[in-house]
Every structure is written in structure tokens, then in C-alpha cells.
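Below: the structure, in C-alpha cells.
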Amino acid sequence: MFSTVILFGIDGKRRDWMMNWQFNWFGWSYKLAIASTILQFIAGILSVYQGLNKYLLDMYDFIKEEQELEKRSTLKFPPLPHTSGQRNGSKTQLHQYM
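Set out below in C-alpha cells:
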């Protein structure tokens with residue numbers, strides 16, 4: 000979008016670039032494109048800063064949330080006794096079909 004706004008701003012009034020150059024004028028839509036390009040540039044800088052800052056990792060305690068989810072889990076089953084041919088430690092109800 001940035002390159003389009005710059006290109007049209009530079010070449011919009013040239014006689015050899017567009018047909019009917021005398022009717023080409025920068026109206027409200029071009030001004031809106033300039034404003035949206037500036038806002039898009041600011042949003043891009045902010046998202047790069049947010050991604051590089053890794054502030055989400057500092058603000059959100061993943062280990063604490065994982066422990067809380069494990070504590071609230073309803074699919075916990077004790078590990079099965081060791082028998083030949085079966086897997087140990089199944090945490091779902093599907094261990095009876097193995």
C-alpha cells in the first residue's frame with residue numbers, strides 16, 4: 000500500500016503515465032489512502048515491537064496456568080499396573096480397548 004500511494008503521488012500527474020491526465024486529481028480517496036498507510040505503518044511498528052519485546056511471556060505465567068488446567072482436568076486416571084503387551088500410564092478411558 001505504501002508503494003502504491005508513493006507511486007501514484009509521484010506519477011499521478013504525468014501525461015505519459017495515465018490517460019486523460021488533465022482529469023486526474025487527488026481526491027478524498029487518495030487522502031484516505033495516505034491516512035490509512037500512515038496508520039498501517041504505525042500498527043506494523045507496534046506489532047513488531049510487541050513481537051520482539053516478548054512482553055506476553057513476562058505478563059503471562061504459562062507454568063502456573065498449565066498446573067491450574069492439570070488440577071481442573073477431569074480425564075485423570077491412575078496408571079495401569081504393568082502387564083505384558085499393554086502400555087503404562089494411559090490417561091484416557093481408551094486404555095481398556097488396547
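Taking numbering that gives the first Met the number 0, the leading residue of the sequence shown gets 0, the next gets one more, and so forth.
Yeah, the Cβ is synthetic: ideal placement off N, Cα and C, and Gly gets one too.
Inset, instruction - Thinking Ile33 and Val4 are a contact (beta carbons under 8 Å), I'd like their distance in whole angstroms, please. - result: 6 Å
Legend entry - Same chain, Cβ closer than 7 Å to Phe25, neighbours up to 5 away in sequence not counted: Gly11
Inset, instruction - Just the C-alpha distance for Phe1 and Phe61, rounded to the nearest angstrom, thanks. - result: 38 Å
Inset, instruction - Tell me where the alpha helix (DSSP H) around Phe7 begins and ends. - result: Phe1 to Asp10
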